[in-house]
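All residue numbers for the sequence shown refer to the numbering used here, where the first residue is 4 and numbers rise by one. Don't be surprised by glycine CBs; every beta carbon is placed ideally from N, CA and C.
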Amino acid sequence: MADINYLRHSERPDAALTEPALREAIELLFFAYRDFTGEPDALLARHRFGRAHHRVIYFVGRQPGITVSELLAILKITKQSLAPVLKVLVARGFVAQAMGAKDRRQRHLTLTEKGQALEERLYHIQSARIARAYRQADPAAIAGFRRVMRAITDDPQMGRGGR
């Protein structure tokens with residue numbers, strides 16, 4: 004494996020903004036994402052699913068009854084991108100669709116029992132990894148991590164209230 008040099012922590016406030024420090028942060032995000040998704044990817048592959056399926060299952064599970072439009076807004080994808088993923092999840096019995104009571108053009112999405120079971124397994128895999136990392140950090144580090152992650156997103160409200 005390639006040798007990657009990581010920086011020592013510095014007390015200087017601007018030390019985190021140097022090119023080496025920023026490159027280290029980028030690499031840590033790459034590696035964390037690789038490891039965070041590795042086990043779930045293997046489980047999803049057994050169902051012939053990928054990360055797009057995982058995202059749909061996750062957010063439909065977090066917000067039962069979410070509309071397709073709301074899901075598109077959260078995922079920031081087009082209907083054309085979502086359609087094949089959703090079609091497979093519905094056809095294979097992981098997601099159920101229902102027409103809106105007030106607006107029949109709306110489609111509300113919920114996980115079936117099968118979908119809930121898969122979502123719970125995926126959640127437990129990923130939450131265990133996060134919990135393990137949180138146990139190694141103090142409350143200030145966890146709060147700082149959450150602030151940084153929110154600041155990296157284009158929408159700092161993401162990650163709050165099921166989004």
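Straight-line Cα distance separating residue j from residue i
i	j	result
A101	R26	46 angstroms
R135	L114	28 angstroms
R153	Y61	19 angstroms
F39	Q129	6 angstroms
A131	L20	31 angstroms
R65	D17	38 angstroms
A24	D141	22 angstroms
R51	D158	31 angstroms
K90	Q119	17 angstroms
A143	T156	20 angstroms
R107	Y36	39 angstroms
K105	P43	37 angstroms
K117	I145	33 angstroms
G165	E22	The predicted position of G165 is uncertain, since its pLDDT is 44 and thus under 50; a value taken from the coordinates is nonetheless stated next. Taking the straight line from one Cα to the other gives about 34 angstroms.
E123	R138	21 angstroms
As assigned by DSSP and simplified to three states, the class of residue i
i	result
T81	coil
Q119	helix
A18	helix
Q129	helix
H111	strand
A55	helix
T40	helix
A76	helix
A1	This structure does not reach residue 1, given that the chain is present from 4 up to 166, and the question cannot be answered.
Cβ distance (whole Å) where residue i is taken to contact residue j below 8 angstroms
i	j	result
L125	L46	7 angstroms
H3	V88	No information on residue 3 is available, as it lies outside the stretch 4 to 166 that the chain covers here.
C-beta contact flag for residue i and residue j at 8 angstroms
i	j	result
R58	L78	yes
Would you check if the stretch 94-114 and the stretch 29-42 touch, i.e. whether three or more CB-CB distances between them fall below 8 angstroms?
-> no
So does the stretch 110-124 actually touch the stretch 62-71, counting three or more Cβ pairs closer than 8 angstroms?
-> yes
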